[in-house]
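Working notes, structure below.
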Ligand code: CO8
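In the working numbering, the protein residues as written are 20 to 281.
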C-alpha cells in the first residue's frame, strides 16, 4: 500500500518511517495516524525487520505537533477520540517486538515529542527543538505526553515543561535525559543507522525479551519487575539464539542469530 502522509522504507533489517507533510511541518492529522497504524502493522508482521527508525521529511521538522487546523474543527468528543487514537498508535510503537529509534531532525513539539517518546530512545540533530506547548493553546498534551515525559525525565522537569509550554534545544534535551545523543544535522541519520545496525545484529529473541522486560518492569515495583525478568530470562534461554550466542563465544567465533521469534 502506498501512503500519502508518511513514507515507509524497508532496507533489509531496518525499516524507516518518515512523517511526510513537510508543508505543515509534518503535523499529525487523522489520515496520518491511520497510515501510521497500518505501517506499524506491516513492520510488526515483517519478521526480517529488526529495528524501526522514525524521522521527518524536510529539513525543518520531525513533527510540529497535532494538526491545529484539523483540531480546531473538532468538538470535545471528537477531540477526545482523536487523543485516544494518537495514544493507541504511539503505544503500538512502544509495544513493537523490535526496538524503535527516533531520529529527531528539527521541531519535535506537542504530538511530535509524544511520537518520539513512544520510541525506545532518541537521537537528535543539534538543530532540534523539543517541547510540549499545548498549554499555550489552552490544551494539555493528549497523545501520552503527560505520562511518558514524566516517566522519562521525572515529575518536576516534566511539570515545568508542560506548565510553561517553553521549548528546549537539543543540548538541554540531552541534559534532561530526553535525548541519548546530539548529532551534526548532516550525520544524524548515519549515526542512527550505525546504532540501528549494531542492534540489528543482536539476537531477535533477546532483543524482544529485553524490551518487554524493561517496559513491563517500569510499570511495576522492583520485586515484580525482577520476577518478570526472571521468567523471561528462562524463556529467552530456551531460544536457538541463546544457544548460538553462548556456543559462538566458547568457539571463539561471531554468532549468527537466525532471528527466530517466540
Ligand atoms: N498544525 C498545523 N499546521 C502547522 C503546525 C501544526 N501543529 N505547525 C506548523 N504548521 C504549519 C503552519 O501553519 C505553516 O503553514 P502555512 O505555510 O500554510 O502558513 C507551516 O506549517 C510552516 O509553519 P510556520 O510558518 O509557523 O513556521 P515557523 O518556522 O515560523 O515556526 C513553529 C515553526 C515554531 C514550529 C510553528 O509552526 C509552531 O509554533 N507550530 C505549532 C507548534 C505547536 O503548538 N504544536 C503543538 C500542537 S497541539 C498538539 O500537538 C496536541 C497533541 C494532543 C492533541 C490531543 C487531541 C485532541
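Note that the Cβ used here is the ideal one computed from N, Cα and C, for glycine as well.
From the DSSP output, in three-state form, read off residue 202 for me.
Taking the chain shown and counting its residues from 1, one reaches residue 202 at position 183. Residue 202 falls in the strand class under three-state DSSP.
Would you decide whether residue 276 is buried or exposed? Buried here means 16 or more other CB atoms lie within 10 Å of its CB.
By one-based count along the chain shown, residue 276 stands at place 257. With 16 or more Cβ atoms within 10 Å of its Cβ, residue 276 is classed as buried.
Tell me whether residue 50, by its Cβ, gets closer than 7 Å to a heavy atom of the ligand CO8.
To locate residue 50, count along the chain shown from 1; it is residue 31. Incorrect: residue 50 has no Cβ contact closer than 7 Å to the ligand CO8.
Checking 8 Å against the spacing of the C-beta atoms, do residue 195 and residue 147 come in under that value?
Reading the chain shown from its first residue, position 176 is the one you call residue 195. Reading the chain shown from its first residue, position 128 is the one you call residue 147. No.
Rounded to the nearest angstrom, what separates residue 215 and residue 116 at their Cα positions?
On the chain shown, residue 215 is found 196 positions in, with the first residue counted as 1. On the chain shown, residue 116 is found 97 positions in, with the first residue counted as 1. About 15 Å.
In terms of residue numbering, what span does the beta strand (DSSP E) encompassing residue 71 cover?
The residue given as residue 71 occupies position 52 in the chain shown. Residues 70–75.
Closer than 6 Å by C-beta to residue 41: which residues in its own chain qualify, once you throw out the five before and the five after it? Chain order, please.
Sequence index remark: in the chain shown, residue 41 carries index 22 (1-based). The answer, listed in chain order, is 76 and 77.
For residue 157, which three-state DSSP category applies?
For this step, residue 157 is matched to residue 138 along the chain shown. Three-state result, residue 157: coil.
Please say whether residue 125 and residue 79 have beta carbons closer to each other than 8 Å?
On the chain shown, position 60 is the one that residue 79 refers to. On the chain shown, position 106 is the one that residue 125 refers to. Closer than 8 Å, so yes.
Can you name, in chain order, every residue of its own chain whose Cβ lies under 6 Å from the Cβ of residue 176, other than the five neighbours on each side?
Mapped onto the chain shown, residue 176 falls at position 157. Around residue 176, the same chain offers 195 as residues with beta carbons nearer than 6 Å, after the five sequence neighbours per side are excluded.
Three-state secondary structure (DSSP) at residue 210?
Start at 1 with the first residue of the chain shown, and residue 210 comes out as number 191. Of the three classes helix, strand and coil, the one that applies to residue 210 here is helix, per DSSP.
Tell me whether the segment 84–95 and the segment 45–54 touch, counting them as touching only if at least three CB pairs, one residue from each stretch, are closer than 8 Å.
yes
Residue span of the alpha helix (DSSP H) that contains residue 225, given as start and end
Working through the chain shown from its first residue, we reach residue 225 at position 206. Note, residue 225: alpha helix (DSSP H), 223–237.
N- and C-terminal bounds of the beta strand (DSSP E) containing residue 189:
Your numbering for residue 189 matches position 170 in the chain shown. No beta strand (DSSP E) contains residue 189, which is instead part of the alpha helix (DSSP H) from 189–195.
Tell me where the alpha helix (DSSP H) around residue 49 begins and ends.
Sequence index remark: in the chain shown, residue 49 carries index 30 (1-based). Taken as a continuous stretch (DSSP letters only), the alpha helix (DSSP H) holding residue 49 covers 49–64.
Is residue 228 near residue 243, with beta carbons less than 8 Å apart?
In the chain shown, residue 228 corresponds to position 209, counting from 1. In the chain shown, residue 243 corresponds to position 224, counting from 1. Their beta carbons are not under 8 Å apart, which means residue 228 does not touch residue 243 by this criterion.
Inter-residue Cα distance where the pair is residue 230 and residue 145:
Here residue 230 is taken as the residue at index 211 of the chain shown, counted from 1. Here residue 145 is taken as the residue at index 126 of the chain shown, counted from 1. Those two C-alpha atoms are separated by around 27 Å.
Option nearest residue 24 by Cα separation, candidates 52, 34, 120 and 143
Taking the first residue of the chain shown as position 1, residue 24 is located at position 5. Checked all of 52, 34, 120 and 143; the closest Cα to residue 24 is 52.
Note the first and the last residue of the continuous alpha helix (DSSP H) segment covering residue 110.
The residue given as residue 110 occupies position 91 in the chain shown. Per DSSP, residue 110 is one residue of the alpha helix (DSSP H) stretching across 95–113.
Where residue 33 falls, given that 16 or more other Cβ within 10 Å makes a residue buried
Here residue 33 refers to the residue found at position 14 of the chain shown. So residue 33 ends up on the buried side.
From the DSSP output, read off the bridge partner residues of residue 144.
Residue 144 sits at position 125 when you count from the first residue of the chain shown. DSSP lists 202 as partners of residue 144.
Hey, is residue 77 close to the ligand CO8, as in C-beta under 7 Å from one of its heavy atoms?
On the chain shown, residue 77 is found 58 positions in, with the first residue counted as 1. No, the ligand CO8 has no heavy atom inside 7 Å of this Cβ.
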